[in-house]
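Notes to accompany the following structure.
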Amino acid sequence: MVEDLRQQLERLVSGRLGTTHLQRPERVRSRPIEELVGGEVREASHGTCVVVDQIYPAGYQQGQVEISSALSHRSQTVAGIGRDPGLEALELQKSAFLDVETTGLAGGAGTYAFLVGIGWFDGQDFRLRQVFMRDYGEEPALVSALEETLEPLSGVVSFNGKAFDVPLLETRFIMSRRRFPLSSAPHLDLLHMARRLWSLRLENCRLSSLETEILGLERHGDVPSHLVPQLYFDYLRHGRAEPLEGVFYHNAQDILSLAALTALSCTVYEDPLSHETTCGEDLYSLGRLYSLAGLGDRAEIALRAALDAPIPEELRWQTVHHLSFHLKRQGMWPEAIELWQLAIEENHGRLYPFLELAKYYEHRAKDFQTAEALVLRAMELVQASAASRGTWWTERRLGELEHRLRRVQLKRARHGDGES
Amino acid sequence: MKLSQVLTQMQATPKLRDHVTAWKVTPRSEGTFADFPVSVDPRLVSVLRERGIERLFTHQREAIEAVLQGENVVVVTPTASGKTLCYNVPILNSLLENSESRAMYLFPTKALSQDQLDELHGLITDLGVDIKTYTYDGDTPVNARKAIRAAGHVVITNPDMLHTGILPHHTKWVKLFENLQYVVIDEVHQYRGVFGSHLANVIRRLKRICQWYGADPTFVLCSATIANPDELARRLIEEDVRLIDTDGSPKGEKHFVFYNPPVVNKELGIRRSSVHEARSMARNFLLNDVQTIVFARRRKTVEVLLSYLQEDLKGTRRGRKQVRGYRGGYLPQERREIEKGLREGKVRGVVATNALELGIDIGALDACVITGYPGTITSTWQQAGRAGRRADVSCAVLVASSSPLDQYIVTHPEYFFAQPPEHALVNPDNLLILLSHIKCAAFELPFQEGEPYGGQSIDQILQFLEEQGILHKAGDTYHWSADAYPAGEISLRTAARDNFVIIDTSGSEPRVIGEVDSFSAPTTVHEDAIYIHQGEQYQIDTLDWEGKKAYATHVDVDYYTQASLAVEVRVIDEFQAERIQRCDKAHGEVLLSALATIYKKIKLWTHENIGWGDVRLPEQEMQTTAYWLSFPEELTATFKASDVESGLVGLSNVLANVAPLFLMCDPGDVGVKAEVRSPHTKKATIFIYDRVPAGIGFAEKLYRVHGQLLHAAEQLIGDCGCPTGCPSCVGPEDEIGTRGKRNALRLLEEARKDN
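Going down the list, the sequences are from chains A and B.
Quick note: to get this note's numbering, add 162 to the position in the first sequence (first position is 1).
Quick note: to get this note's numbering, add 3 to the position in the second sequence (first position is 1).
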């Protein structure tokens, strides 16, 4: 009967699931993981797990960035780069820089965090603690070690942690019948920040790209993320510990880079011109971020600097567009008009400068003749682009323009050309 | 004209009356009532009274009281007997009492969930209390999910979502699982076969999670009439269940007519087409403004009937669009619109597949025409129940086709009316299904060594999964140890996970017009196939097999296509075998290979074969179970070789058609294959196989009813009036030869002789 079920299972698996039959795992001889990574086995009320502690003293540089410089920034800056007023409550001095290594990316109750790294500032020093479970049975001990480490901390800094690391830890804590202490703590997710700040310049916003392009850092002996689960499974089944060294290194580097990126982005945000922020893409992104945060002056500085910096043609016109609206809102009419005229002269095909100028001449300058001429030019432009924009768009725009034209003509007839 | 007048007229029409084999009239019944139990909150009682519900039907009262006392119940009552109150009343009552309490509703489809949400919302709004009710399924916006998980009092979902979206993420549903007091499973009769076997395992997982969080929910199940509702319920939830099956609701007078179309060719036993006869029945009802539903077995028949009826009604006051089609493959918004039209009476007729058998709310109609026996007694009653108002007369007509099962039913109406409906079979311990769900369960919560699952030890399976590198044992606990999400790889509905979509490329923008599952793709969306959607014909131009897309253009032709399958059966394992009288019966595991070979073009109105083409698509393989009977050499030795063959083919045709009498399955759920010399048995053999992967218990059941099965086959062949075989018994002469009928009967007689 025993053999019967076995055979059936094997048939099912080989016939239908496509997995090959595996031999019973053989254990390899390997130095214990705690020795390899310079950690120690910690005993707690919930069993044992491995803990690795390191200190990166004041002045430590990750790439070209001194990580402790993160501490010198104002809380409004953090809220600004995070686009979340709630982040004013985030104290970097008391935050956990968090990164987890997992058995998969799927999420759900069957995805484990086997290595959790937490970095935090201790004065100007940066401390890094990595907690590792040598088997699933050590998870309760891992959870209580984390609980203890997180206890004095009140904020989170992560890379994609809102979607991944924190929900995953919440699940792991629940599975150990505990509660993740920082669930409702302020959380700066640098992935979102990086997308807002650097996505125009970079091909992607993966942490590794940011390290090379933004922090100027080269990693050595790193493990590609997608191999991480398999290395852990191999360790569990065969006891092969050496390849995991690279995972510990990878995790530590990720956390140091979190601190460095926080520092760098705060610096850039506080003074767009201080750093070597010399490329137009970054300045444009900053300008947008400032104007969304209601920081008009800084937005203007950044956008103007973007126009002076090397910048792709299409982005240059977007910058002109945003800057002109910013100036308009500030009531700086001559500067705004200058940009609209520039846009009309140099960049054929955009409708907004005609409309804005028409509005200006109609409502402010009361120069109805110029306004009418501009509306007529705008209509020509719409008709010329009808083929590429489609009928719906064209008809809608033309309708609006005709309405405006009638009004301007009426005013012109009533008041004569121009108010004097 | 009123329906009662139409019926009188029908009775007076000789050419119709002469072909009626049964005309059963169920008189109007008054219903039995009871007061609300005193424990029901007065606010709830007054809300129901405002809706005209002064008193309960007796079955409602019984159910409500039992559920309030924490007893599991299964309520079995026909369509429109107010079964939703059986669970809504006790659950709302508990929520009024304790706002921490939680309930989960499971419906087999999203459409039913939506119906239920609307009904509950109505009650809650009238109550003026803050009871949060949500549907949670594939359509739920991602940004709404978090709020639902945290705050939903009643979560309405389907088994698939529970399986892939909720259980694996149970830690996000702590509030629900800690406080889950009720689980409602409606349309339980749908959970049979593969789907039911999967569901039973999903419930095992649900209960395991509840236990971990400390909850012990009460189950409320509802079912259409089947022979074994309490047994099915017990197998699904693996707990004791109280059966409530005395219907207290009032009923209007109901006519049930069995109609056997006249024979047009006596020699061949060919009757007038059931499709044509159903068309004229439905036309008669519709022209007299009797709201009518027409059921057909196949989606193709639905579309053909729809075009006939729309043609018939062209030029009438309400025009051709008063009749609509309804079947799987239509897009959801299309369906919603049709359902609404039916409820409001704007849509006067609908031609549907069994997709409308489910409890989708389309109101009650006046008449129902069933084109061909739906295959099960349960299904027939379900379809007939679509016509039936509480006060007025209603009518259902079953139009038999020439198929053997139809002929058996229509000529033995007493069998139908006296027989209890079929048993719903499930096999939660089907090894393939069990293994799949053990993986999911291990993903959700680690297994302790010795921990039972489904009431049995599964240590061997856990050990096996550890050797496969899927689980890892730490101490005495098995943990999920793979970079994978097992629930995502397991579909509860079919073996084939990924559907093919059909894309219409005729318009300016390509648009998806429907979908088919990948097992039927080779026969329905092969290149040059005619795919019919809402009465419109589309020809498949290219099939992207890898990408699972079929590109079609709109055409207007006078034929449809039908593809044939060549099947091969290989026995992997014989579970049981026994010599009965002079033949051998057995059942076991088989490997099935099916290859679509050719397709025929069949003319719409005359059903003539007007051409054919090749289908060149990959063979589909499936592991399943089969029952087979084989005739020993000493028996077949008395036959000429060619007689063995024609007898076998004839007999296999009959068996394929009578087998569903003993299984609660659709005629297409089992397949048959005759082999003059099977490589496995080395004898003349007929296989009847389960068309669902890994089998669902049909094979074993047939093995058990072997004697009755052969008896029914003998009765059918013996009673058929044709001289040498016809499609209503062993098959037409051109398929089995002139001696086929005699040979089949002789084989049976020989086999059933005692030694």
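Even glycine gets a Cβ: it sits at the ideal position worked out from N, Cα and C.
None of these values were measured; they are calculated from a predicted model.
Does residue i pass the burial test, meaning 16 or more other C-beta atoms within 10 Å, or should it be called exposed?
i      : result
B:A640 : exposed
B:N263 : buried
A:L304 : buried
A:H483 : buried
B:V145 : exposed
B:Y418 : exposed
A:H382 : exposed
A:T424 : buried
B:D409 : buried
B:V41  : exposed
B:H124 : exposed
A:E205 : exposed
B:S404 : buried
B:K254 : buried
In the structure shown, what three-state DSSP assignment does residue i receive?
i      : result
A:D416 : helix
A:G209 : strand
B:S102 : coil
B:I464 : helix
A:S257 : strand
B:P455 : strand
B:I493 : coil
A:F395 : helix
B:N268 : strand
B:I188 : strand
B:A370 : strand
A:R339 : coil
Look at the alpha carbon of residue i and the alpha carbon of residue j, and state the distance between them as a whole number of angstroms.
i      : j      : result
B:E234 : B:N75  : 13 Å
B:T727 : B:E592 : 35 Å
B:L361 : B:S226 : 11 Å
A:G225 : A:R289 : 18 Å
B:F110 : B:A629 : 31 Å
A:M337 : A:V390 : 22 Å
A:R551 : A:M541 : 14 Å
A:L344 : B:E469 : 35 Å
Using a C-beta cutoff of 8 Å, does residue i count as contacting chain B?
i      : result
A:Y397 : no
A:E332 : yes
A:T265 : yes
A:M541 : no
A:M337 : yes
A:R191 : no
Are the beta-carbon atoms of residue i and residue j separated by less than 8 Å?
i      : j      : result
A:W495 : A:Y522 : yes
A:K256 : A:G317 : yes
B:S649 : B:N430 : no
B:H536 : B:I516 : yes
B:G366 : B:T82  : no
B:I159 : B:Q119 : yes
Please decide whether residue i counts as near chain A, where near means a Cβ-Cβ distance under 8 Å.
i      : result
B:V570 : no
B:L448 : yes
B:Y376 : no
B:I169 : no
B:L495 : no
B:W483 : yes
B:A499 : With a pLDDT of 44 at B:A499, under the threshold of 50, the modelled position of that residue is not reliable, and no figure is offered here.
B:Q117 : no
B:G536 : Note on identity: in this sequence residue 536 of chain B is His, with Gly being the wrong assignment. With 8 Å as the cut-off, B:H536 does not count as an interface residue toward chain A.
B:V177 : yes
B:Y691 : In the sequence under discussion, the amino acid at residue 691 of chain B is Ile, which differs from the Tyr named in the question. Judged by the 8 Å Cβ criterion, B:I691 is not in contact with chain A.
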